[in-house]
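Note that my numbering has the sequence shown beginning at 662, numbered continuously upward.
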Amino acid sequence: MADELQSSEELAFVAEEVDRIILTSIESCLKDEVYDELKVSQWVDYICESIMKGLGELRKPLKYIVSCLIMQKNGAGVHASVSCHWDTVTDGAHVVKWPGDKHKDHNRSMYCIITVSGLSF
Numbered sequence: 662m663a664d665e666l667q668s669s670e671e672l673a674f675v676a677e678e679v680d681r682i683i684l685t686s687i688e689s690c691l692k693d694e695v696y697d698e699l700k701v702s703q704w705v706d707y708i709c710e711s712i713m714k715g716l717g718e719l720r721k722p723l724k725y726i727v728s729c730l731i732m733q734k735n736g737a738g739v740h741a742s743v744s745c746h747w748d749t750v751t752d753g754a755h756v757v758k759w760p761g762d763k764h765k766d767h768n769r770s771m772y773c774i775i776t777v778s779g780l781s782f
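Here it is, written out as structure tokens:
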């Protein structure tokens, strides 16, 4: 029974693993940056590619979808939603808003919101 649980976790979407990959990718790109409209498309591409590389290194039998939104902190609101019908045992989704609440002063000029979905074959 324990082997089955370990085996299913090795094949399943694990939010904690994905969270580490997302935060590492964001931090390596945006940590010391100030919002610059001319750089946003490069940042988005870099972050998505970095996350996909990290997810691929997990070697799980999942297809991934990565979405990245970078917006300037100017008082405007944003609302987003993701919905999917999937296998609740193996599939999953994870959303990260950066900087998180515990890092309020980390970046005063922008937000980055990442959504990663992992779907089994």
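Just so you know, even glycine gets a beta-carbon here, dropped at the ideal spot from N, CA and C.
A quick note: this is a predicted structure, and the numbers were derived from the prediction, not measured.
What is the DSSP secondary structure of Thr685, counted as helix, strand or coil? helix
Please go through the same chain and pick out, in chain order, the residues whose beta-carbon is closer than 7 Å to the beta-carbon of Tyr707, but skip the five residues on each side of it. Cys690
Could you give the distance in angstroms between the alpha-carbon of Asn768 and the alpha-carbon of His746? 35 Å
Cβ of Ile712 within 8 Å of Cβ of Ile775? yes
Could you have a look at Ala663 and say whether DSSP puts it in helix, strand or coil? A caution first: Ala663 carries a pLDDT of 45, below 50, which makes its placement in the model too unreliable to give a value.
Going by beta-carbon coordinates alone, are Lys734 and Ser770 separated by less than 8 Å? yes
Mind checking which residues open and close the alpha helix (DSSP H) that includes Val650? Coverage of the chain is limited to positions 662 through 782, which leaves residue 650 absent and any answer about it impossible.
So, with DSSP's three-state summary, where would you put Val757? strand
Under three-state DSSP, which class holds Val679? helix
Could you check how far apart the C-beta atoms of Ser728 and Asp752 are, in whole angstroms? I think they sit under 8 Å. Wrong, their Cβ atoms sit about 16 Å apart, outside the cutoff.
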